[in-house]
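Read the structure below first, then the notes.
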Amino acid sequence: MSTTRRDVLKRGGGVTLLGLLAAAGWVTPETAAAQAWNKNAFDAKTMDETMKALGGGAPAQSKDIAFVSTPDIAENGAVVPVGVTSAIPKTESIAILIEKNPNMMAAAFDIPPGTDPSVSTRVKMGQSSNIYALVKADGKYYVAAKEIKVTLGGCGG
Amino acid sequence: MADPMKIRASVVGDSTEVKVLMSHEMETGQRKDAAGKTIPAWFIQTVTVTHNGKAVLNAQWGPAVAKNPFLSFKFKGGAKGDKIQITWVDNKGEKRTDETAIG
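From first to last, the protein sequence lines stand for chains C and F. Quick note: the first sequence uses the numbering used here, first residue 46, plus one each step. Quick note: the second sequence uses the numbering used here, first residue 35, plus one each step.
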């Protein structure tokens, strides 16, 4: 087969495009094998979209979900500690969503049996916003909200 | 290769508490550099924690998790000397696994 200059260019261009896609997080060659990453859920911009991506209905408000060691006012939006504890029996997963971030979902944790339904992490917040703790228990979704005021934004630069 | 994770696992009552500090930029893809070009997103997407080979926590993260992510949780059981292994994979397919013994 003869390789023309045009072919080589085309191929080269293709490789770069793939590379860009991979960098943008659209094509994730190796991650799929280890554990699925729910791209749709992380791309969602509203609660409705997020619930759709997770395949659940509208979540019920719950008083059995508590925020622990989560501040009311965060001085630095780039590092906001968030802890979520669920007292709902058969909690399967806990997700942290931030209403006014570009994409709502910040993190989701699968809780296998034997693991306490309580996780702590740190998130970024672009501005003062409600944050939601979304809990899946026994196949149903529950939610609790908390407002955090941010003095200095964590997104943008 | 990214720097090693700092993992601390200790027995608290009948549970084991695991605290992890990972070293990662967690670039959001929203920021622009000095020349006005968007800095591409680069963040950890999945985290798996196992105790003696059995999964005790699976996490999926978006770019809104803070830089150098912190994670803490507890699971039932676990004894001194048991192995805790943690693996993360980022959106570039880069991964890192570290392990520690419960102390």
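Glycine is no exception: its CB is placed at the ideal position from the N, C-alpha and C atoms. Being a predicted model, the structure only gives us computed values, none of them experimental.
May I have the straight-line CA-CA distance separating C/V127 from C/D117, to the nearest angstrom?
-> Residue mapping note: residue 127 of chain C aligns to position 82 of the first sequence, counting from 1. Residue mapping note: residue 117 of chain C aligns to position 72 of the first sequence, counting from 1. If I take the Cα positions, the gap works out to 11 Å.
Give the interface partners of C/A190 over in chain F, defined as CB-CB distance under 7 Å, in chain order.
-> As a position in the first sequence, residue 190 of chain C is number 145, starting the count at 1. Within chain F, no residue comes near C/A190; the closest Cβ sits about 16 Å away, beyond 7 Å.
Could you pull out every residue in the same chain whose Cβ sits closer than 6 Å to the Cβ of C/V248, ignoring the five residues on either side in sequence?
-> No statement about residue 248 of chain C is possible, as the shown extent of chain C runs from 46 to 202 and does not include it.
Which one or two residues does DSSP pair with F/H85 in a beta bridge?
-> Position 51 of the second sequence, counting from 1, holds the residue named residue 85 of chain F. Answer is F/K88, F/I118.
Taking the alpha carbon of C/A190 as the point to measure from, which residue in C/A178, C/K145, C/V124 has its own alpha carbon closest?
-> Walking along the first sequence from the start, residue 190 of chain C turns up at place 145. Measuring from the Cα of C/A190, the nearest candidate turns out to be C/A178.
Do you know how far the Cα of C/G159 is from the Cα of F/G47?
-> In the second sequence, residue 47 of chain F corresponds to position 13, counting from 1. In the first sequence, residue 159 of chain C corresponds to position 114, counting from 1. Each residue's Cα considered, the two are about 14 Å apart.
With 8 Å set as the bound, which would you pick, yes or no: does the beta-carbon of C/D93 sit closer than that to a beta-carbon of chain F?
-> Walking along the first sequence from the start, residue 93 of chain C turns up at place 48. At a cut-off of 8 Å, the C-beta of C/D93 has no neighbouring C-beta in chain F.
Inter-residue Cα distance where the pair is F/G87 and F/E133 | By one-based count along the second sequence, residue 87 of chain F stands at place 53. By one-based count along the second sequence, residue 133 of chain F stands at place 99. Answer to the nearest angstrom: the Cα atoms are 11 Å apart.
When burial is assigned at 16 or more other CB atoms within 10 Å of the CB, is C/G184 buried or exposed?
-> The residue you call residue 184 of chain C lines up with position 139 of the first sequence. Exposed, since its Cβ has fewer than 16 Cβ neighbours within 10 Å.
Is it true that the CB of F/G63 sits closer than 8 Å to the CB of F/P97?
-> Taking the first residue of the second sequence as 1, we reach residue 97 of chain F at position 63. Taking the first residue of the second sequence as 1, we reach residue 63 of chain F at position 29. With respect to the 8 Å criterion, F/P97 and F/G63 are classified as neighbours on the basis of their beta carbons.
Span of the alpha helix (DSSP H) around C/T196 = The residue given as residue 196 of chain C occupies position 151 in the first sequence. No alpha helix (DSSP H) holds C/T196; the beta strand (DSSP E) holding it covers 185-197.
F/K114 and F/V123: beta carbons closer than 8 Å?
-> Walking along the second sequence from the start, residue 114 of chain F turns up at place 80. Walking along the second sequence from the start, residue 123 of chain F turns up at place 89. For F/K114 and F/V123, no; Cβs fall outside 8 Å.
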